[in-house]
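Chains as they are written, first to last, in our numbering: chain X, -9 to 582; chain E, -9 to 582. First comes the structure, then the notes that go with it.
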């Protein structure tokens, strides 16, 4: 069975030595000193390793059961959910006015990685609740907030997001679910929603569905869509649970992965619902939560990669097979451990160098969300809006690749379900798809974010890179191995942006044909920047003789690998982008 | 449910317009005129689409059952297997002396793609039998061949290959299974073998296991391994079935994919076995079949990609979502089909341009096997031995990627098992692992094949590329779009080979750290060469006004895509290779 160890040291390094969390002038960050975050992460790590990880493989093989209209989670999930609730974990980064602990998104994301890495299916029940919480918190009336939030913050009730319908996925304007206004101010919701994660289960007394629907007489398309609160069980004036609402599970999907999370077809049959936010402004309400939701998916991609890589590294150290080409390293044993083979190391370095860079990128992104919200900082908001599709698309694509590479290290054993390596691949796969498939992220990036505010955010990003390089040019450790490759990669990104600016206006296909490559090019530059920053922090620590020297040496070595072997991919992406739309669009549709 | 259409026109194009099969001076090829191969492929295509494909999804969801020591294949498999046998398909490329039809590997591979693309799990029962047939055919005594082959050629009995043990995978020298010689010349085989594909089932009256084992007193390591025939049921002198042998199934593995093929733990408990070939020369016997077996796995990788891509293209044409950025293309409908979006096309072009290039490479490889065998041509043998790890590693890696890309086009629907897109991914995944994991292929390529015969085969390959370029330099259609990129890519491959020659001898890790990148670099150059050849054939057809103009235009368009957007990857692989072993090997093993 696979194991999970919380990467506390790596997270602490990013929080404090790279991001300098407690020194940032963001309200609430002053509490985030190293001792405090270590205590939180250690505690969360114990639950992740000791409670959630042991349920992961079994949860996958059993899956959820749907019998007689009731959805049951796998054995052990209820008890574990009670433990999570008792520890107050779901409340960590929620509003204290509703029972939350008021911690920043930064800490919530760091803890989220541990839970998600240990058990993605399980953690989604809590994660979806947090998404629904955020929507009600941002758009609800005081009465709605008082009614729904406290019990969602505690996870006494869980939440869901209902967007997709069979004919309406990315294109939400095609939505058909109807909301009919009633005299008492409520609505009757009727329609079918699909792919509803955590749609029903036996972990909580109520499920608070947020449902996008069209009020009778609303404008056609996306501008006629409103958001509603539709509980599984109606709630009485006094807060007690009342009658069952007309909400039912039509089906629980059989999926490639996340078997222990119930992905439901939800049927609304004149269900009672309450308008959340303004009429016809449902999409705007969704958009305000999008950055955080997509950051959460990026986190999941990274988390599965970390979990898979840990097990691959353990296996590579333990599995005896063949001899090192440079001479036996375990001459007393029947063979050397396979970690002596350069190609096994290459695969592990691919994983590690991605994971550690990705974690820094993720947590930087979380801190930008905090800054944009807590400081009302428009520049931070612009920058994170630009980076979100990159975080979501790049971290989940490369996170998935890392799980595949980890599985590969097990050889045939990786293909057998009992080692758990297949589950990491299958669970990670969904992160590339949900919360906006990665092609849609690329479209959002190139079609919307790049030109936003006249290009201010992307210019701010380039400035940031330039400033870092200028400030560190004199550092011998950084210059050749980190700054030069970063400079080259950033130049490729600028050239690609320039190509879009020159060609995109007269021929939008020329930009969109390169959108996916641009997302990856951008992701590499971000990880290059993160590695340069981490290398700077580790070089400083080594120079001053503080901290664990071996830890910092390892950071420099891993960073050099990324810069030498991964970052050069930017040139390939640029070449593809510059080839334009002709090769992409030339084949007639019926010839595929 | 997914569908499958045999890509007969594409195969015919490669066989006749690219490879000029019937004009090649290889015994047996004179029969392969276009009319004959079309008839064979059409007939095989009907079985693939009409019989095998409809069993694929159901076979995946039911899987094999193992109850009371008996392995049962999914419903419909027995009837389909009878149809395959009745059609004589397993005999297609077997020796006429034993009931085969004597067709070349080329045709066997082309037909194999259709069956495998329609249903990989099912086709493996036949495929493993063919592998065992080949071993007995190459190394058996006349008596052994007469006894075992006719009923394996007909698939009345099926076969397996038993190599792996729990502690012995890639490193077969660690093998523990023992063979004790008996007075009557037979052996008693005792040991546990794992990951035995098609290890047991209800499709045939007998299963002929080929088992690697160590004869008592044999030398340690790989040089003490012998190969044995160990039937599930003993065969009497008169050919009738006798008593059950002491062979049993210990377990049927629960795997990520190929659920309908029984992957067994086989227990040999003093089972009666017959030495095949010479004592202690078991590995040599395995090696003679390796090229064909690995070509077969390359074929599987391509086949799953083709099947997945067909369904993705259909979905992209049918699924209505969003509008073309250049203006609605289906203004009467609720939305445009998603194939109008440049990034969807980009993903489909990635798949198609790989698949068509890969098919040409695969069939070229098959023709080299035929030439090496049927003409006893050492140069062809050297070249295919060099190319086999590239075929196996590159086609299965990129084939897997193609299935993932195809699944992605379905969005959330691709993650649901009922669309079948997940199965393509899960089934394709094994091709990267079995028959030598792809890292082992890369090691074989760089550590063994590259330097074989003093580098003669790799020089022959470069000559081949150079000659093609020189011969076609005057062709305006080819020059800029095909020959220039091919020249650049081939130069990268030469530079990488040079790097290994200069550094490999004094530091083998420097070569092996780049082995995986070299395999992919080589794969790209091969596909580049194939596309240049295909483009030449299509350009000629268009110039002469023969054939289907739209077909040939599509070939040129798809080829240009590959050259412009995929082939430039060679520069990235070269950069990685040149970074050497320092970044790969620097991290201490306990730091991963």
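Glycine residues also receive a C-beta, built at the ideal position from the N, C-alpha and C atoms.
Using a CB distance below 7 Å, the part of the segment 127 to 154 of chain X facing chain E consists of 154, ordered along the chain. Taking 8 Å as the upper bound for CB-CB distance, residue 102 of chain E and residue 179 of chain E are not in contact here, some 31 Å apart.
Judged by DSSP in its simplified three-state form, residue 461 of chain E adopts helix. Around residue 140 of chain X, the same chain offers 88 and 89 as residues with beta carbons nearer than 6 Å, after the five sequence neighbours per side are excluded. Annotation for residue 46 of chain X: the continuous alpha helix (DSSP H) segment containing it runs 43 to 52. Under the Cβ distance rule, residue 405 of chain X counts among the residues neighbouring chain E, one pair being separated by less than 8 Å. Relative to the Cα of residue 561 of chain X, the nearest Cα in the group X/484, X/235 and X/276 belongs to X/484.
When rounded, the separation of the alpha-carbon atoms in residue 389 of chain X and residue 345 of chain X is 8 Å. For the pair of segments examined, the segment 301 to 309 of chain X was found not to touch the segment 418 to 429 of chain X: the number of CB pairs separated by less than 8 Å stays below three. Residue 221 of chain E carries a strand assignment under DSSP once its states are collapsed to helix, strand and coil. In the three-state reduction of the DSSP assignment, residue 241 of chain E falls in the strand class. In this chain, the alpha helix (DSSP H) harbouring residue 124 of chain E covers 110 to 129.
A contact is defined here as three or more CB-CB pairs under 8 Å, and the segment 318 to 337 of chain E meets this definition with respect to the segment 566 to 575 of chain X. Separation of residue 1 of chain E and residue 566 of chain E (C-alpha to C-alpha, rounded to the nearest whole angstrom) is 35 Å.
For residue 550 of chain X, the closest Cβ of chain E is nearer than 8 Å.
Ranking X/62, X/67 and X/57 by CA distance to the CA of residue 37 of chain X puts X/67 first. Taking CB atoms only, residue 581 of chain E has a neighbour in chain X less than 8 Å away. Closest option to residue 269 of chain E, judged by alpha-carbon separation, among E/214, E/-2 and E/132: E/214. Here residue 312 of chain X really is in contact with residue 326 of chain X; their C-beta atoms are around 7 Å apart, less than 8 Å.
Look at residue 337 of chain X: its C-beta is under 8 Å from a C-beta on chain E. For residue 147 of chain E, there is no enclosing alpha helix (DSSP H); the residue is part of the beta strand (DSSP E) that begins and ends at 147 to 152. Our two residues, residue 525 of chain X and residue 532 of chain X, have alpha carbons roughly 10 Å apart in a direct line.
Apart from the 5 residues on each side of it in sequence, residue 432 of chain X sits with its Cβ closer than 8 Å to the Cβ of 379, 383, 505, 506, 508 and 509 in its chain, given in chain order. Taken through DSSP and simplified to helix, strand or coil, residue 577 of chain E comes out as coil.
Scanning E/93, E/167 and E/399 for the CA closest to the CA of residue 159 of chain X turns up E/399. Of the residues X/173, X/375, X/247 and X/183, the one whose Cα lies closest to the Cα of residue 237 of chain X is X/183.
DSSP lists E/258 as the beta-bridge partner residues of residue 181 of chain E. As computed with DSSP, residue 201 of chain X is found in a beta bridge with X/152 and X/218. CA-CA distance, residue 541 of chain E to residue 196 of chain E, rounds to 46 Å. Contact between residue 518 of chain E and residue 577 of chain E does not hold, since their C-beta atoms are separated by about 34 Å, which reaches or exceeds 8 Å. For the segment 497 to 511 of chain X, residues whose beta-carbon sits nearer than 7 Å to a beta-carbon of chain E comprise 498, 499, 502, 503, 505 and 506.
Taking all protein chains shown into account, residue 366 of chain X has fewer than 16 neighbouring C-beta atoms within 10 Å of its C-beta and is therefore exposed. Proximity to residue 300 of chain X across X/209, X/353, X/392 and X/45 peaks at X/392, based on C-alpha coordinates. A straight line joining the alpha-carbon of residue 104 of chain X with that of residue 418 of chain X spans about 15 Å. Residue 275 of chain E is not a Cβ neighbour of residue 285 of chain E, given a cutoff of 8 Å.
Taking C-beta atoms as the reference points, residue 149 of chain E and residue 123 of chain E count as a pair closer than 8 Å.
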